[in-house]
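At position 157 of the sequence shown the residue is numbered 157 (the UniProt record's numbering), and the sequence of numbers has no breaks. Remarks on the structure that follows.
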Amino acid sequence: MSHMHLELDPPPALPEGALRVIPLGGLGEIGRNMTVFEYGGKLLVVDCGVLFPEEHQPGVDLILPDFGPIRDRLQDIVGIVLTHGHEDHIGGVPYLLRERDNIPVIGSQLTLAFLEPKLKEHRLKDAPKYVVSEGDVQTFGPFELEFVAVNHSIPDALAVAVKTPAGVALHTGDFKMDQLPLDGRITDLRAFARLGEQGVDLFLTDSTNAEVPGFTTSERNITPAIDAVFASSTRRIIVASFASHIHRVQQVIDAAAKHNRKVAYVGRSMVRNMQIARELGYLHVPDGVVVDKIDAAPPHEMVLMSTGSQGEPMAALSRMANNSHQQVSLEPGDTVLLASSLIPGNENAIYRVIDGLTKLGANVVHKGNALVHVSGHASAGELLYCYNIVKPTNVLPVHGEIRHLHANAKLATATGVPNVLLAEDGFVIDLVDGHASITGAVQCGYVYVDGSSVGDLTDSELKDRRVLGEEGFISVVVVVDSTNGKIVSGPEIHARGIAEDDSAFDEILPKIVSALEESMAEGNHDSRQLQQVVRRVLGSYVGRKLRRRPMILPVVIEA
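This is the structure:
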C-alpha cells in the first residue's frame, strides 16, 4: 500500500502513452468531488461538485474545487462527465463553465435536468450537453467512455469506465448495491465483472461507508418506519430530506396517499427538483395528493415535504425551528421526520435544529431513534464484493474523509489487490505500463464562494472573521505630533464584542502613552511602526488581564 506523503514535488512531464489522474476534490472530505484524467494532451473531468461550509468558515456560501492546476489548460478539456445529480458532484459545474463556457457536459437525463437550472442562474447556455444511459459508449477526444448503471440515493446514477491506450480506469461515482431498490434499477455487477475480465487497471471506489461492516440496508426496509410515523401522527407531519432524494419523496407520497393526506413542497429547490422528477417520470404522484398550498387541508391531513435536513441556516426546516418561517409555524403535536443521514461536520447544526423543533412542541423522529433513513453508499461488504468481481490491478479510494479512504484501502488490500494508493486532493497519480504510482502533487486548496466573489476570500481573512466572532474587536485612536514626539490626543479605546466596558482599559492607557513617547524619542515617527507599538502593549495587557486575544486595530494619526 502506497501511503500519503505530506510534501510532494510537482509531477514530472507525463510520459508518452501514460494516463494521469489528478483528484482536485473529494479525497479527505465529503464533498466538492472532482477528478481530472489526462491522456495525449487532453483532459477529461469527472464530476465537479461543491462542499458546504462548516462553523469554522463563517460567511462562506460554498467551497469549490481548485481549478488552478487546469486553468491554463481549459481548452484541452474534452468534457465534464457527471456521475449523478447531487450537489457535491454537480454544484461546481457552473463555476468551471464560467471560465470556459463551451465545455461539453455528459450525464444521465436526470443529472443534466438538475444541472440546467444552475446553468440558467449563471446565464450559461453555450455548453453542449450529451445525455447518456447505462450501456452507452461515447468517445470524447482520446477517451472512450462506457457508462454503467449504479444504485444510489438518487435515480440515474452512473459509473464510468475511462478507456485509453494506457489502460482502463473505472470510476464508481457514489454507489451501493441495493438488491431491492425502489425504482428496480440495480448496480450492474455483470458489467463490473465483464470490465474486470477485460482488465481494470485503476479502480476508483466510493469510500464513504468503508468503515461500516456488512451491507447497506435496502431503501424498502424503511417504508414500514415511515408508515408507522404516519399512522401514529394526529396532526401535521413535516418531512425533511435532501431536495434531490426522489426515492425518499416517493416513499412519503406513497405513505400520504395510503393515509389520506395531502403533500405540499416547502423550499425552492424541493419544488423545482420534484417538478423536474415528475415531468421526467422519475416521481409518480397519484392524482390529488400533491397540492400547491401548505394549508390546502386541515393539519391532520397535511404533509409538508421540506428542505433543511442538514441544519442549513437558511433552509426551510431551520427557519421553522427558529420560528422565523414566513409560512409555516410549528405547533405542539406536529411531527417532524428527518429522513436523512448526518453528513460529517453538520452534526451540531442538525442537533440545534432538533432542539429548536422539540422546544416548540414537535415530536422529532430521526435516524437516531427510528429507521427512517438508509445510506446511499456501499458498506464494507459491498466494497469487498466489488473488489472480488473487478479484480483490479490498482485501486485509488475516493470520496471520503481520511479515515474512510484508509478503511477502503485496507479492504482492497485484504482482497489481494496488488497496488493500493492513498492520496489526497492535488496528488498526481500516473498509470504507466499498467502500474499506478503517486508521482507528485499540484497546489490544490479550498476556493471560497463568498457572496458575489469567487476565490477572493483567503484563509487569513477567514481567521480574522473567526477572531472577530469569538474574541471581539478593540480600536485604539491616537493623535501624535511627529515634530516634538508628543501625544496630542488619546489614546481612545473602544471595544466591541467584549464583556468588559471601555473603562476596563483605563489602567493600560498610561503604558501606551509611555511606550509611544519612548519610541518617538528614539526617532521612530513612522505611523505603521507606532501602530505596532500600540498593538503590542495593548495585546499583551488584554491577553494577561482579560485572557482574550481580540482583533486590535490601532490608528495613529500624525498632526
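All C-beta atoms in this analysis are idealised placements derived from N, C-alpha and C, irrespective of residue type, glycine included. All values derive from a computational prediction rather than experimental measurement.
With a threshold of 16 other beta carbon atoms within 10 Å, Leu-338 meets it and is buried. Taking the C-beta atoms as reference points, His-152 is found no nearer than 8 Å to Leu-204. Around Leu-62, the same chain offers Val-50, Val-449 as residues with beta carbons nearer than 6 Å, after the five sequence neighbours per side are excluded. Assigned with DSSP and collapsed to three states, His-406 falls in helix.
Between Val-291 and Pro-11, the gap from beta carbon to beta carbon reaches 8 Å or more. According to the DSSP assignment, Asp-88 belongs to the alpha helix (DSSP H) that extends over 87-90. Looking at the backbone, the Cα of Ile-237 and that of Gly-281 are separated by about 26 Å. Ranking Asn-363, Leu-422, Pro-181, Ser-375 by CA distance to the CA of Ile-22 puts Leu-422 first. Arg-319 counts as buried, since no fewer than 16 other beta carbons sit within 10 angstroms of its beta carbon.
Under DSSP, the beta-bridge partners assigned to Pro-397 are Thr-205.
Buried is the label assigned to Ile-512, since at least 16 other Cβ atoms lie within 10 Å of its Cβ. Residue state for Tyr-39 is assigned as strand, using DSSP reduced to three classes.
When rounded, the separation of the alpha-carbon atoms in Ile-493 and Ile-474 is 7 Å. Taking 8 Å as the cut-off, the beta carbon of Val-336 is found no closer than this to the beta carbon of Ala-412. The Cβ neighbour count for His-377, taken over all protein chains shown within 10 Å, is at least 16; the residue is labelled buried. Using a C-beta cut-off of 8 Å, the segment 299-309 makes contact with the segment 251-265, since at least three inter-stretch Cβ pairs fall below that distance. By the Cβ neighbour-count rule, Gln-443 is exposed, with fewer than 16 other Cβ atoms within 10 Å of its own. Per DSSP, reduced to three states, the secondary structure at Pro-117 is helical.
Beta-bridge partners assigned by DSSP to Phe-140: Phe-143.
Residue pairing by DSSP places Asp-481 opposite Lys-486 in a beta bridge. Look at His-300 here: in three-state DSSP terms it is helix.
In this model, Val-432 and Val-168 are separated by some 12 Å (Cα to Cα). Per DSSP, the continuous beta strand (DSSP E) segment holding Lys-262 begins and ends at 262-266.
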